[in-house]
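Read the structure below first, then the notes.
Protein chains: 2
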Amino acid sequence: MITDLEKIKKYLQAVKIKPTYLRIRLLKYLLEKKNHPTGKMIYQALKKELPTISLTSIYNNLELFAKKGLVKILLLDPKEIRFDGEKGHHHFFCEKCQKIIDLPIDCNLIKKKKIFGHLIKDWDGYFFGICKDCQRDG
Amino acid sequence: MITDLEKIKKYLQAVKIKPTYLRIRLLKYLLEKKNHPTGKMIYQALKKELPTISLTSIYNNLELFAKKGLVKILLLDPKEIRFDGEKGHHHFFCEKCQKIIDLPIDCNLIKKKKIFGHLIKDWDGYFFGICKDCQRDG
DNA sequence: TCCAAATCTGTAATCATTACAAAATTATAA
DNA sequence: TTATAATTTTGTAATGATTACAGATTTGGA
Ligand SMILES: [Mn+2]
Ligand SMILES: [Mn+2]
Ligand SMILES: [Zn+2]
Ligand SMILES: [Zn+2]
Numbered sequence: 002m003i004t005d006l007e008k009i010k011k012y013l014q015a016v017k018i019k020p021t022y023l024r025i026r027l028l029k030y031l032l033e034k035k036n037h038p039t040g041k042m043i044y045q046a047l048k049k050e051l052p053t054i055s056l057t058s059i060y061n062n063l064e065l066f067a068k069k070g071l072v073k074i075l076l077l078d079p080k081e082i083r084f085d086g087e088k089g090h091h092h093f094f095c096e097k098c099q100k101i102i103d104l105p106i107d108c109n110l111i112k113k114k115k116i117f118g119h120l121i122k123d124w125d126g127y128f129f130g131i132c133k134d135c136q137r138d139g
Numbered sequence: 002m003i004t005d006l007e008k009i010k011k012y013l014q015a016v017k018i019k020p021t022y023l024r025i026r027l028l029k030y031l032l033e034k035k036n037h038p039t040g041k042m043i044y045q046a047l048k049k050e051l052p053t054i055s056l057t058s059i060y061n062n063l064e065l066f067a068k069k070g071l072v073k074i075l076l077l078d079p080k081e082i083r084f085d086g087e088k089g090h091h092h093f094f095c096e097k098c099q100k101i102i103d104l105p106i107d108c109n110l111i112k113k114k115k116i117f118g119h120l121i122k123d124w125d126g127y128f129f130g131i132c133k134d135c136q137r138d139g
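Rendered as structure tokens:
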């Protein structure tokens, strides 16, 4: 678990982002929670400790983080964008309980630098179905 | 090129969808065009020949088609949903020209019925970067 | 401490998607 | 064919996530 604020500050500085307190707390939230939150979910969670924050700042900084490669934007849910503080894995979306589950599994395509001549910079692997728990429950 | 209306009618009936004229034309559009259109793009294209259609009907029937497995919903573009009349391939999105390109390439994960115990019903593979043409052009 | 630049907030606008009721179409039976 | 009920389609309004923007605040350096 990465909680040390100084360490998070360094993550931001490493990609040339000025480490304001809001940004540190936002990145801390993304690195600690594994819940693939929406912008609003992050806003509501951080609001408890930082009552003056705005949803706009959350969105703006999430976009900044994504642009700098600090977080991953997930388009898994057609209703709203979700964010992930960890990169490099596939995702599973359960049609019963709506949970998003990490799939750290090897894939022969994601190592490729080019596919059919197209330069690959990033990738998303989404899987849909019924999760292990929901299968058991009925 | 699949253009025969009778053949498209049979595709609809095969999945228990009543083959109204609008639905036949909508599926015809999706099967003929390879442009991964948005709902609005389809609406504007079909409107030229069917002036009375509504955007609501396009959306409703696209959702119906997707539910019956006739078309694929692409969550590639954060701004809007795109639709694909063909299934079973990965997609590439060029950050320069915004083109969506099919990637009919083998992947060792998509054949799996289960991953970590989760039942797989469908999957999406997205790749992002710079397409072949845009690399050459600069 | 003072100042300019960057960031943040609060509110309003945007716009894809959905909800809903009325009109039109379709299928079925008399 | 005609009547009737069910389904589909239309037109409009509502929803809600995301974005735009201007003013307030914070930040870092002189
Ligand atoms: Mn994840
Ligand atoms: Mn395709
Ligand atoms: Zn589940
Ligand atoms: Zn391109």
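The listed protein sequences derive, respectively, from chains Y and G.
For the first sequence, the working numbering assigns the number 2 to the initial residue and increments by one for each residue that follows.
For the second sequence, the working numbering assigns the number 2 to the initial residue and increments by one for each residue that follows.
Even glycine gets a Cβ: it sits at the ideal position worked out from N, Cα and C.
Since we're looking at a predicted model, the values are computed, not measured.
Using a Cβ-Cβ cut-off of 8 Å, state whether residue i counts as contacting chain G.
i	result
leucine 31 of chain Y	no
glycine 151 of chain Y	Residue 151 of chain Y lies beyond the residue range present for chain Y, which begins at 2 and ends at 139; the question has no answer from this structure.
glutamine 14 of chain Y	no
isoleucine 102 of chain Y	yes
Residue j and residue i - do their beta-carbons sit closer together than 8 Å?
i	j	result
isoleucine 102 of chain G	histidine 92 of chain G	yes
leucine 23 of chain G	asparagine 62 of chain G	yes
leucine 77 of chain G	leucine 75 of chain Y	no
valine 16 of chain G	glycine 89 of chain G	no
phenylalanine 84 of chain G	proline 20 of chain G	no
leucine 104 of chain Y	phenylalanine 128 of chain G	no
glycine 130 of chain G	lysine 122 of chain Y	yes
tyrosine 30 of chain G	leucine 56 of chain G	no
Along chain G, which residues have their Cβ under 8 Å away from the Cβ of residue i?
i	result
asparagine 36 of chain Y	Chain G residues near asparagine 36 of chain Y: none, gap ~17 Å exceeds 8 Å.
cysteine 98 of chain Y	Within 8 Å Cβ-Cβ: nothing; cysteine 98 of chain Y doesn't reach chain G, min ~11 Å.
Leaving aside the five residues before and after residue i along the sequence, list all residues of the same chain whose C-beta is less than 6 Å from its C-beta, in chain order.
i	result
isoleucine 59 of chain G	Gly40, Ile43 and Tyr44
aspartate 125 of chain Y	none
List the residues of chain Y whose Cβ lies closer than 9 Å to the Cβ of residue i, in chain order.
i	result
phenylalanine 93 of chain G	Ile116, Phe117, His119 and Ile121
glutamine 45 of chain G	Near glutamine 45 of chain G there are no residues of chain Y at all, since even the closest Cβ is about 21 Å away, more than 9 Å.
Using a C-beta cutoff of 8 Å, does residue i count as contacting chain Y?
i	result
asparagine 109 of chain G	yes
glycine 126 of chain G	yes
glycine 89 of chain G	no
glycine 139 of chain G	no
List, in order along the chain, the chain Y residues whose C-beta lies closer than 8 Å to that of residue i?
i	result
isoleucine 106 of chain G	Leu110, Ile116 and Phe117
glycine 40 of chain G	Within 8 Å Cβ-Cβ: nothing; glycine 40 of chain G doesn't reach chain Y, min ~12 Å.
arginine 131 of chain G	As written in the sequence, residue 131 of chain G is isoleucine, which differs from the arginine given in the question. Near isoleucine 131 of chain G (Cβ distances below 8 Å), the residues of chain Y are His119, Leu120 and Lys122.
isoleucine 82 of chain G	Pro79
Can you find the residues in the same chain that come closer than 8 Å, C-beta to C-beta, to residue i, ignoring five residues on each side of it along the sequence?
i	result
leucine 120 of chain Y	Lys114
isoleucine 54 of chain Y	Leu23, Tyr44, Leu47 and Lys48
Name the chain G residues that come within less than 9 Å of residue i, Cβ to Cβ?
i	result
isoleucine 74 of chain Y	Pro79
**Item:** Interfacial residues, the segment 59 to 70 of chain G to chain Y, with Cβ spacing under 8 Å
**Value:** Those residues of the segment 59 to 70 of chain G that come within reach of chain Y (Cβ to Cβ, closer than 8 Å) do not exist; the list is empty.
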